[in-house]
Every structure is written in structure tokens, then in C-alpha cells.
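> Numbering (the working numbering), first residue to last: 239 to 658. Have a look at this one.
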């Protein structure tokens, strides 16, 4: 067999493969177009088109002119409704929330601005703004070139969480609702609904001095961070006399220090549904954890917060509250407060203060077990959220102080009892 005979089938095979590739590309594009067209047809339009075909066939077979006329009328109606899809919807959309972080119960206010930057007018359209599981709708009238339309809206925030606002969809449709064409504009915005918190003064749980601690604004006669020189006062430690300055000034001078504080403050928040009697108890626990964490951050402590399954970002107050906004109940296999305490001890063995936050359904034995699993030497405090109690209560379980609160504003009084 010659070389030409071998080359001919090979060239034919390549041409066939090329045609198949072209056909595949064309087919994919056609299917994409058909999907776009199909997405604009509402269920009612499919029903009417089916009735039109059925009436036409029945009229032709049975010879009934009434069915043929009805099929023609329905077809004309469907065709006229389809004409409403013709037109541009090229709005320049801007979604602006006045605040992307609000406290539960507050109203989040925003504005939706649509502008026609083109050279031709845009026919009336309907704007759909998804907000969480719901959605809001706005009617936009005809916009001439260069015109803008602004719609103000308010989002009620009755529940803590992270609400996704958007993306904005521009919808064109007909009066009968047979066809609807939607184009997404802009990107969604996350609205953080923070839990309620309470601010209180005073050092909530105290500190431990540490060579690697952070200098504080409080001055001390005895520590490791040098601040200034002071004249000797009766009772000052002679070990801190600065002899060079004493010789130069002729007056005995002693060193003054800034207090250094070990600031590893750990909060373990149980999100196990079995630990709480009601959903309100769970929300109270989240608010309590947030309030204590904010107080620790204001005291310049390093704060780490952990729940079942993960650690929550808590380097700043904003990060802490954003993380708490998204906290939900955990799965039963992730355990309760005792298992969480074990994870805290394994991952944060050098913690100086550990606060466990749980609900009233935790048994005293389980709470004692949880406190015994905490890092050695750490000061332990347990906060029990129970909305059925009228006032804060203090008890002792093992080496830990346990406070029970029934409302958020009881935290300062409860902590005062602990410090007393």
C-alpha cells in the first residue's frame, strides 16, 4: 500500500473530527440559547401554548371552527405578551446599605439607585431585591437617557444572623405574567445582625503578671516593665533603688513600673441544643459571651473564643460580634460543654482565664467535669443562661465560680459577686 493511500484516510478522519467539533460547539450554543429562552417562559405560558396546540388539532380533526378561533386568539395573546420582553434593561445599579452591621431589633436602612447611562430610554421594569429568605419588589418607571431613580428601603432585624442582601435583579415581563426576563446586577451585600450586648466597667476577672504580658496604663511599684524614676517613699523595696540617679541628684530614687498582664482570655460558648432549655436561653448565652469578650478586649487582653467544631475570629470587637452573628446550634455528635472544655484544654493550654458559657439543661456533674478539663492554673468561670430566673445567682462547683443569669443586664452584678 502506497503512502498516498495511507494519507488519504487520515486526512478524511481529521476533516470528520473537525466537523464534529464544529457541530458540538454549535449545538452547545443552541442549547444555551434555548435554556435562556426557556427560562423566560413562565408555567402559565407553557399551559396556554399547550392549550393552543390542542385546540388547533381538535378543530382541524373535528372540523369545529370555534376551537380554531380560540387557538388563534390564545396564540395572538401569547405573542403580544412576548413583545414586552423586547427592550434594554442595562441599568447602572448601585446598592448601598447605610450600615452593614446592626444590633438585633434595629432597622437597617438602604438605598437602591438605578441610572440609565445609555443613549436610549429604558422601558418600565420591575426590580427584585432578595433579602435573606424573602425579597422586596420595586416598580421603576421609564428612564430617559441620563435619568436616575432611587428607592429607599428598610430591613427589619428581629433575629440575629447574617442576612444576604441582593443580588439585585432587573425583571421585564408582561401584564399577564406569561413571560419574565431577569438580569442580575451588582453583587450581594452581607448584613450582620449582631447580638445584644451590655457594656460594664471594671476589670471583669483580673489578670496575671507575665514577662510576656502587655504593658497597661496602671503604674506599679513592682513589676518587669520599667516606666520612670520616683523619689523614695517609706516602704518602697530597696531592690528597686536606682543608685546612679541617687548619686547624681543626692536624693534616693526608685524605679516605677507599668503593670504587665498576661492577657490570654478564652471563652468557650456551647452551641449544643441539648444544653439549652429554650431558644431564648441560647440567645442570652451568645449575648453574654459577646459582652464578656468585649470587656476583655477593652482591657487589652488577648481573646480567643471557641464553639463546638471551630474557633471564632475574635481579634477585635467587630470580628467577635460578626462571628457571633453566624453562630447556630451544633450537631449532637459534636458534644456538649464537657467535650468543648476538653478541646479548649488541648488547643489553648496556656490560657490564664477561661469562661464557659452554657444553658440551664447542663447537669452539675457535667459542668464539674467540664471545669476539671480546663488548663491547669487557669482561673475558671462558668456562665449559665436561664431566662426563667429573676436574679443572678452564684455557686461554686469544684475550683470554678458558676453564675446563673436570667437577663443580659444581670452580668455586671453577677461578676461583682464573683470578684467579691
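Every residue, glycine too, gets a C-beta built ideally from N, C-alpha and C. Because the structure is a prediction, the values reported are computed rather than measured.
1. Tell me whether residue 390 is buried or exposed, calling it buried when 16 or more other Cβ atoms sit within 10 Å of its Cβ.
2. Quick one: measure Cβ to Cβ for residue 611 and residue 576, integer angstroms, because I've assumed they're closer than 8 Å.
3. Does the contact criterion of 3 or more C-beta pairs under 8 Å hold for the region 383–398 versus the region 355–369?
4. How would you call residue 649, buried or exposed, if buried means at least 16 neighbouring beta carbons within 10 angstroms?
5. When we look at the beta-carbon of residue 517 and count the other beta-carbons within 10 Å, is it buried (16 or more) or exposed?
6. Just reading off the beta strand (DSSP E) that residue 618 is part of, what are its end residues?
7. Output the residue ranges of the alpha helix (DSSP H) runs that lie fully inside the region 523–576 and measure 4 residues or longer, sorted by chain position.
8. Quick one: Cα of residue 544 to Cα of residue 633, how far?
9. Could you compute how far the alpha carbon of residue 300 sits from the alpha carbon of residue 353?
10. Using beta-carbon positions only, say whether residue 410 and residue 361 come within less than 9 Å of one another.
11. Comparing alpha-carbon positions, which option in 626, 619, 628, 642 lies nearest residue 636?
12. Among 286, 309, 477, which has the Cα closest to the Cα of residue 296?
13. In the structure shown, what three-state DSSP assignment does residue 384 receive?
14. Quick check on this structure: which residue in 587, 416, 539, 512 has the alpha carbon closest to the alpha carbon of residue 313?
15. Can you tell me whether DSSP reads residue 586 as helix, strand or coil?
16. Skipping 5 residues on each side, what residues in its chain have a beta carbon closer than 8 Å to that of residue 375?
17. Tell me the rounded alpha-carbon separation between residue 657 and residue 586.
18. Please identify the residue among 332, 329, 431, 293 whose C-alpha is closest to the C-alpha of residue 343.
19. Let me make sure I understand the geometry here. Which of 508, 298, 329, 595 has the alpha-carbon closest to that of residue 566?
20. Counting only the same chain and skipping the five closest in sequence on each side, list residues whose C-beta sits under 8 Å from that of residue 523.
By the coordinates alone:
1. The residue labelled residue 390 in the question sits at position 152 within the chain shown. Exposed, by the Cβ-count rule.
2. For this step, residue 611 is matched to residue 373 along the chain shown. For this step, residue 576 is matched to residue 338 along the chain shown. 7 Å between Cβ atoms; contact.
3. yes
4. On the chain shown, position 411 is the one that residue 649 refers to. Result: buried.
5. Within the chain shown, the letter at position 279 stands for residue 517. Residue 517 should be labelled exposed.
6. The residue you call residue 618 lines up with position 380 of the chain shown. Start and end: 617–623.
7. 555–563
8. As a working note, residue 544 is residue 306 in the chain shown. As a working note, residue 633 is residue 395 in the chain shown. Roughly 24 Å separates the two Cα atoms.
9. Position 62 of the chain shown, counted from the start, is the residue given in the question as residue 300. Position 115 of the chain shown, counted from the start, is the residue given in the question as residue 353. Going by the C-alpha atoms only, they are around 55 Å apart.
10. As a first step, residue 410 is located in the chain shown; it is residue number 172 there, counting from the start. As a first step, residue 361 is located in the chain shown; it is residue number 123 there, counting from the start. Contact: yes.
11. Within the chain shown, numbered from 1, the residue matching residue 636 stands at position 398. Here the closest residue by C-alpha is 619.
12. Taking the first residue of the chain shown as 1, we reach residue 296 at position 58. Comparing C-alpha distances from residue 296 to each of 286, 309, 477 shows the shortest one belongs to 309.
13. Stepping through the chain shown from its first residue, residue 384 is reached at position 146. The answer is coil: DSSP assigns residue 384 none of H, G, I, E or B.
14. As a working note, residue 313 is residue 75 in the chain shown. Cα-wise, what sits closest to residue 313 is 416.
15. Your numbering for residue 586 matches position 348 in the chain shown. Note: residue 586 maps to coil in three-state DSSP.
16. Locating residue 375 in the chain shown gives position 137, where the first residue counts as 1. So the qualifying residues of the chain are 364, 365, 366, 367.
17. Against the chain shown, residue 657 aligns to sequence position 419. Against the chain shown, residue 586 aligns to sequence position 348. Rounded to the nearest angstrom, the two C-alpha atoms are 24 Å apart.
18. Mapped onto the chain shown, residue 343 falls at position 105. Per the Cα distances, 431.
19. One-based indexing of the chain shown puts residue 566 at position 328. When each option's Cα is compared against that of residue 566, the closest is 508.
20. Numbered from its first residue, the chain shown carries residue 523 at position 285. If we look at residue 523 and ignore the five residues flanking it on each side, its Cβ neighbours are 507, 508, 514, 595, 596, 597, 621, 623.
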